[in-house]
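Undergrad: Take this structure first; my questions come after.
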């Protein structure tokens with residue numbers, strides 16, 4: 047029944063992937079969709095804020111070093127906007143996770159977690175599952 | 036004795052502020068090994084026992100430095116302060132043709148690292164050597180999956196011609212890429228210690244995307260490449 051399958055699809059959590067590299071974006075999308083989630087892919091900070099504001103995803107995977115804003119600014123903007131303030135955000139980074147953890151602490155940010163690239167998808171998907179089961 | 040044939044690949048990065056970085060990679064055409072690679076000492080992050088890959092067959096008693104890490108020292112130092120998303124005009128000259136694209140640094144750097152990784156003497160990554168002969172700068176995921184599978188199947192043809200059992204189902208190719216992922220992960224660890232900014236780590240991340248996509252695509256029966264062959268199947 048087409049309506050039932052559309053309904054099923056809408057019930058799946060929507061995850062927004064923010065990464066400037068199309069290949070990285072595509073890989074994350076492949077793993078996340080295979081695990082039963084819907085995805086939205088964006089490639090820079092400006093798009094991330096705009097799309098998150100209009101689509102209100104259930105979770106955001108946010109690369110730190112992206113053009114047009116940078117992950118830190120995107121994080122801060124989303125936390126200031128009423129529609130997006132409660133969306134859980136996971137940082138994904140090519141930089142040292144320790145350096146990012148320090149930055150997060152210094153700036154008073156509270157992402158759900160920080161993942162170093164190359165991503166261990168087993169760990170990432172488990173974390174995502176836990177976030178949704180805690181909700 | 037005739038001189039050995041060399042494949043030379045030159046990468047140039049031209050930044051908007053006038054900075055220029057140039058790298059010439061010389062590869063022995065017969066054995067597809069880097070010519071004139073770095074010998075002797077290297078920084079601590081190049082030592083074999085520093086973040087050694089769990090599947091590395093080399094013995095740290097006999098091999099003090101990771102041959103791949105050692106060859107990356109110069110390029111990593113040059114790009115240490117450069118952000119992965121900085122845009123540059125990247126020009127590549129191969130024996131067959133020239134390429135030029137305006138792209139984030141990480142895309143060009145990943146193309147170069149791909150060459151170093153396969154030609155430096157790493158026993159795991161050396162399995163990808165035949166792909167270097169037909170190096171394709173700035174390749175997309177689909178192009179790389181196609182090249183990886185095609186190259187592997189060509190190799191299996193030669194296995195069959197020599198009386199061996201060819202792996203037409205690509206089982207060992209998936210295993211090989213699983214091993215390559217482990218090397219990528221440990222190389223990213225090394226490079227995080229070596230560079231101040233993220234361009235070199237992200238270059239490895241881009242290569243790792245390819246390494247993860249090849250087995251993933253095979254698991255999905257190469258569905259995304261199927262359209263290319265509708266006339267013959």
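Residue numbers (the working numbering), protein chains in the order written: chain A, 47 to 181; chain B, 36 to 268.
We put the CB at the ideal spot given by N, CA and C, even for glycine.
(1) Which residue's Cα is closest to the Cα of residue 161/B: 150/B, 170/B, 171/B and 169/B?
(2) Just checking my contact of residue 134/B with residue 173/B at CB under 8 Å: how many whole Å lie between their CB atoms?
(3) Tell me whether residue 124/B sits in a helix, a strand or coil according to DSSP, three-state version.
(4) Of all the alpha helix (DSSP H) runs that stay within the bounds of the stretch 83-125 of chain A, which reach a length of 4 or more residues?
(5) Give the residues of chain A in contact with residue 141/B, contact being defined as C-beta atoms less than 9 Å apart.
(6) With a threshold of 6 Å on Cβ separation, who are the neighbours of residue 153/B within its own chain once the five nearest residues in sequence on each side are excluded?
(7) If contacts are defined as beta-carbon pairs under 8 Å, then residue 161/A and residue 137/A qualify, I think. What distance do you get, rounded to the angstrom?
(8) Counting only beta-carbon atoms, is residue 248/B nearer than 8 Å to chain A?
(9) Looking at chain A, is there any beta carbon in it that lies within less than 8 Å of the beta carbon of residue 223/B?
(10) Could you list which residues in chain A have their beta carbon closer than 7 Å to that of residue 54/B, in chain order?
(11) Applying the 10 Å Cβ sphere with the 16-neighbour rule, what's the burial state of residue 131/B?
(12) Along the stretch 89-122 of chain A, what residues have a CB closer than 7 Å to any CB found in chain B?
(13) Would residue 163/A count as contacting chain B if we go by Cβ distances under 8 Å?
(14) Counting pairs of beta carbons, one from the stretch 95-113 of chain B and one from the stretch 74-84 of chain B, are three or more of them closer than 8 Å?
(15) For the alpha helix (DSSP H) containing residue 152/A, list its first residue and its last residue.
(16) Do you know whose CA, among 114/A, 151/A, 104/A and 108/A, lies nearest residue 129/A's CA?
(17) Candidates 156/B, 209/B and 44/B: which alpha carbon is nearest residue 93/B's?
(18) For residue 81/B, which three-state DSSP category applies?
(19) Secondary structure at residue 151/B, three-state DSSP: helix, strand or coil?
(20) Does the count of Cβ pairs from the stretch 48-60 of chain B and the stretch 111-129 of chain B closer than 8 Å reach three?
(21) For the 8 Å Cβ check, are there 3 or more pairs between the stretch 68-83 of chain A and the stretch 239-250 of chain B?
(22) Please say whether residue 91/A and residue 69/A have beta carbons closer to each other than 8 Å?
(23) Give me, in chain order, the residues of the same chain whose beta-carbon lies closer than 6 Å to that of residue 29/B; leave out the 5 immediate sequence neighbours on both sides.
(24) Which of the three DSSP states is assigned to residue 274/B in this structure?
(25) Would you mind sorting residue 132/A into buried or exposed? The rule is 16 or more other CB atoms within 10 Å of its CB.
(26) Count Cβ pairs between the stretch 194-213 of chain B and the stretch 110-125 of chain A that sit closer than 8 Å; are there 3 or more?
(27) Using a Cβ-Cβ distance cut-off of 8 Å, determine whether residue 70/A contacts chain B.
(28) Taking 8 Å as the threshold (beta carbon to beta carbon), is residue 237/B in contact with chain A?
(29) Please tell me whether residue 171/A has its Cβ less than 8 Å away from any Cβ of chain B.
(30) Beta-carbon within less than 8 Å of residue 166/A's beta-carbon, same chain only, minus the 5 sequence neighbours each way: which residues are those?
(31) Which residues of chain A have a Cβ atom closer than 7 Å to the Cβ of residue 251/B, listed in chain order?
(32) Which residues in the same chain as residue 260/B place their Cβ atom closer than 8 Å to its Cβ, once the five residues preceding and following it in sequence are excluded?
(33) Quick check: what's the CA-CA separation for residue 79/A versus residue 211/B?
(34) Would residue 73/A count as contacting chain B if we go by Cβ distances under 8 Å?
(35) Is there a C-beta anywhere in chain A that falls below 8 Å from the one on residue 79/B?
(36) CA-CA distance, residue 129/B and residue 73/B?
TA: Reading from the atomic positions:
(1) The residue you call residue 161/B lines up with position 126 of the second chain. It is 150/B.
(2) Residue numbering aside, residue 134/B sits at position 99 when the second chain is read from its first letter. Residue numbering aside, residue 173/B sits at position 138 when the second chain is read from its first letter. With 8 Å as the limit, residue 134/B and residue 173/B qualify as a contact, their Cβ atoms being about 7 Å apart.
(3) As a position in the second chain, residue 124/B is number 89, starting the count at 1. Looking at residue 124/B - three-state DSSP - the assignment turns out to be strand.
(4) 91-101
(5) In the second chain, the residue the question calls residue 141/B occupies position 106. In chain order: 66, 67 and 140.
(6) Looking up residue 153/B in the second chain gives position 118. For residue 153/B, where only same-chain residues beyond five positions count, the Cβ hits under 6 Å are 160, 163, 164 and 167.
(7) The residue given as residue 161/A occupies position 115 in the first chain. The residue given as residue 137/A occupies position 91 in the first chain. Rounded, the Cβ-Cβ distance is 7 Å, consistent with contact.
(8) For this step, residue 248/B is matched to residue 213 along the second chain. At least one chain A Cβ lies under 8 Å of residue 248/B.
(9) As a working note, residue 223/B is residue 188 in the second chain. Interface residue, yes.
(10) Position 19 of the second chain, counted from the start, is the residue given in the question as residue 54/B. Those within 7 Å of residue 54/B in chain A number zero; the least Cβ separation is about 19 Å.
(11) Translated into the one-based positions of the second chain, residue 131/B becomes position 96. When all chains shown are included, residue 131/B counts as exposed.
(12) 111, 112 and 113
(13) Along the first chain, read from residue 1 onward, the residue named residue 163/A stands at position 117. Closer than 8 Å to some Cβ of chain B, the Cβ of residue 163/A qualifies, so yes.
(14) yes
(15) Working through the first chain from its first residue, we reach residue 152/A at position 106. It spans 143-152 - the alpha helix (DSSP H) in which residue 152/A sits, taken as one unbroken run.
(16) What you label residue 129/A is simply residue 83 of the first chain in a count that begins at 1. Of the candidates 114/A, 151/A, 104/A and 108/A, the one whose C-alpha sits nearest the C-alpha of residue 129/A is 104/A.
(17) The residue you call residue 93/B lines up with position 58 of the second chain. Nearest of 156/B, 209/B and 44/B to residue 93/B, Cα basis: 156/B.
(18) Along the second chain, one-based indexing puts residue 81/B at 46. Here residue 81/B sits in helix by DSSP.
(19) The residue you call residue 151/B lines up with position 116 of the second chain. Here residue 151/B sits in helix by DSSP.
(20) yes
(21) yes
(22) The sequence position of residue 69/A within the first chain is 23, counting from 1. The sequence position of residue 91/A within the first chain is 45, counting from 1. In this structure, residue 91/A does not lie closer than 8 Å to residue 69/A by Cβ.
(23) With chain B covering 36 to 268 only, the question about residue 29/B has no answer from this structure.
(24) It is not possible to answer for residue 274/B, since the shown part of chain B is limited to 36 through 268.
(25) To locate residue 132/A, count along the first chain from 1; it is residue 86. So residue 132/A ends up on the exposed side.
(26) no
(27) Working through the first chain from its first residue, we reach residue 70/A at position 24. Taking Cβ atoms only, chain B reaches closer than 8 Å to residue 70/A, which makes this a yes.
(28) Numbered from 1 along the second chain, position 202 holds the residue referred to as residue 237/B. Yes, residue 237/B lies at the interface with chain A (some Cβ there is under 8 Å from its Cβ).
(29) Taking the first chain and counting its residues from 1, the one referred to as residue 171/A is at position 125. Not one chain B Cβ lies under 8 Å of residue 171/A.
(30) Position 120 of the first chain, counted from the first residue, corresponds to residue 166/A. Excluding sequence neighbours, residue 166/A sits near nothing in its chain.
(31) On the second chain, residue 251/B is found 216 positions in, with the first residue counted as 1. Chain A residues near residue 251/B: 76.
(32) Taking the second chain and counting its residues from 1, one reaches residue 260/B at position 225. Answer for residue 260/B: 177, 180, 181, 184 and 252, listed in chain order.
(33) Position 33 of the first chain, counting from 1, holds the residue named residue 79/A. Position 176 of the second chain, counting from 1, holds the residue named residue 211/B. Their Cα atoms are separated by approximately 25 Å.
(34) Taking the first residue of the first chain as position 1, residue 73/A is located at position 27. Yes, contact with chain B.
(35) Stepping through the second chain from its first residue, residue 79/B is reached at position 44. Not closer than 8 Å to any Cβ of chain A, the Cβ of residue 79/B fails to qualify, so no.
(36) Within the second chain, the letter at position 94 stands for residue 129/B. Within the second chain, the letter at position 38 stands for residue 73/B. Between residue 129/B and residue 73/B, the C-alpha separation is close to 22 Å.
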